[in-house]
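Note that our numbering has the sequence shown beginning at 1, numbered continuously upward.
The beta-carbon is built from N, C-alpha and C at its ideal position, and this holds for glycine as well.
Owing to the predicted nature of the structure, the values given are computational and were not obtained by experimental measurement.
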Amino acid sequence: PEPEPEDYRTQVLRDVIGDLPEPGVELSAVMHKGVPYGLFYPSNHTGFGLRKDEEPFAHKIPPGGNWKDLPPEEQKAFMGGAYESGGGKTGYLRRESWEEPAATVSASPMGKATCQLSPQAPRRFTVRECLRIQSAPDWYVLPDDISLSAQYRIVGNGVPCRVAWYLGRALAEQLNAVKNEIYAFVNE
């Protein structure tokens, strides 16, 4: 379907996933757009937790920050030998900000260099949050019989729905223009 007019503006993470409850929260009193979440609870709202080497540090990262926000001793402890290797390594233990667009969704979120933490809590994004970041509608559901790793891979390797729509529209316009040129040429 054609994107809504509000889709033409840049959306920050709060716009995209801010209305989702924390995974595992009791939803009896929680509402979504005036409807009890018991009637509307998005599927695929599960995800990987933290890796063991991240657990002592993840809660110390502020929204919008990464491993470089840790004290120097903890930076070295978390990064190990990679601490001295150079390069920015800003993807390591990165916690997204509510007020910025999300970074690229990773197909392998459990990697040390591809960690994207929720701004709400020190945890990885759920599959549903990744789907939302990729602009997939909530009615789009990945079957439960697909492993969690495969779900993340499907979402991370995908093209955002809105981008695909605009590319498809532009391609259709180009094809129609060529078709019209050919028709005009043939009928001269």
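Check                                                                                                                                                                       : Outcome
Across which residues does DSSP place ARG124 in a beta bridge pair?                                                                                                         : LEU117
Is GLN120 closer than 8 Å to PRO160 when the C-beta atoms are compared?                                                                                                     : no
Where do the N-terminal and C-terminal ends of the alpha helix (DSSP H) with ILE154 fall, by residue?                                                                       : 148-157
Let me know the secondary structure DSSP gives ARG94 once reduced to three states.                                                                                          : strand
What's the gap between the Cα of GLU99 and the Cα of GLU188?                                                                                                                : 57 Å
Sort LEU175, TYR166, ARG162, TYR183 by Cα distance to VAL16 and report the nearest one.                                                                                     : ARG162
Drop a sphere of 10 angstroms on the beta-carbon of TYR183, count the other beta-carbons inside from all chains shown, and report buried for 16 or more, exposed for fewer. : exposed
Is DSSP giving MET110 helix, strand or coil here?                                                                                                                           : coil
May I ask which residues mark the beginning and end of the alpha helix (DSSP H) holding ARG14?                                                                              : 13-17
Taking its Cβ as the centre, do 16 or more other Cβ atoms sit within 10 Å of HIS59, making it buried, or is it exposed?                                                     : exposed
Using beta-carbon positions only, say whether PRO63 and ASP69 come within less than 8 Å of one another.                                                                     : no
Leaving out five residues before and five after SER108 in sequence, what residues of the same chain have Cβ atoms less than 6 Å from its Cβ?                                : THR114
Where do the ends of the alpha helix (DSSP H) carrying ARG51 lie?                                                                                                           : From DSSP, ARG51 is part of no alpha helix (DSSP H); its letter is neither H nor E.
Look at the alpha carbon of LEU117 and the alpha carbon of GLU54, and state the distance between them as a whole number of angstroms.                                       : 11 Å
For ARG9, is the classification buried or exposed, using 16 other Cβ atoms within 10 angstroms of its Cβ as the cut-off for buried?                                         : exposed
Would you be able to state if there are at least three C-beta pairs under 8 Å between the stretch 74-89 and the stretch 128-142?                                            : no
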